[in-house]
Structures are given as structure tokens and as C-alpha cells.
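Enquirer:
Residue numbers (my numbering): 7 to 100.
Shown next as C-alpha cells:
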């Protein structure tokens, strides 16, 4: 069992991110190019129209176009940027 500094929700988010990283090959070209910008705009639009809790903050985690609560997504604002930076740094090493 893995214990996370911020509790079980952080572990859940970390596990989800690990699965995504494992399954999805991300192109650096997408990240720095127009495609990355386009995808970010699409994500913002989906965020603003999410059900049942539409919000205006980006980034925001949606699973199957659903967000369970605003509180449950607070972890994304705190941890996700750090996790993504760590992942990018690791990807650059290999």
C-alpha cells in the first residue's frame, strides 16, 4: 500500500496520472505547437460546460465528462502541475 502526503485522494490522482502516462504517448511537438494550444482551448470549453458542477478554472480534471465535486478537484490545482513537471523532466532524461 502506498501512502500519499495529502491522503487517499492524492493517491487516486497519482494512480490515474500514472495510468494515463503509461497508456498515452505524448509528443513534445504537440506540447509546444498549435495542436497543444487547440487541445487546451477544447479542454477549457469542456470545463466550462461540465455537469453537474460547471466551473471557470482551468486546468480541471474530468473523467468521462463528469466532475464529482469542486472540493474533489482542488487536488488538481495543487498537485497536478507538480506531477506534470516531474513527468516532463523524467521524459527528457530518457
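Idealized CB from N, CA, C, for every residue including glycine.
Can you tell me whether residue 54 is helix, strand or coil according to DSSP?
Expert: Reading the chain shown from its first residue, position 48 is the one you call residue 54. Of the three classes helix, strand and coil, the one that applies to residue 54 here is helix, per DSSP.
Enquirer: Helix or strand or just coil, what does DSSP make of residue 88?
Expert: By one-based count along the chain shown, residue 88 stands at place 82. In this structure, residue 88 counts as helix in the three-state DSSP scheme.
Enquirer: To the nearest angstrom, how far is the alpha carbon of residue 34 from that of residue 17?
Expert: Numbered from 1 along the chain shown, position 28 holds the residue referred to as residue 34. Numbered from 1 along the chain shown, position 11 holds the residue referred to as residue 17. If you take the alpha carbons of residue 34 and residue 17, they lie about 27 Å apart.
Enquirer: Using DSSP with H/G/I as helix, E/B as strand and the rest coil, what is residue 10?
Expert: As a working note, residue 10 is residue 4 in the chain shown. Note: residue 10 maps to coil in three-state DSSP.
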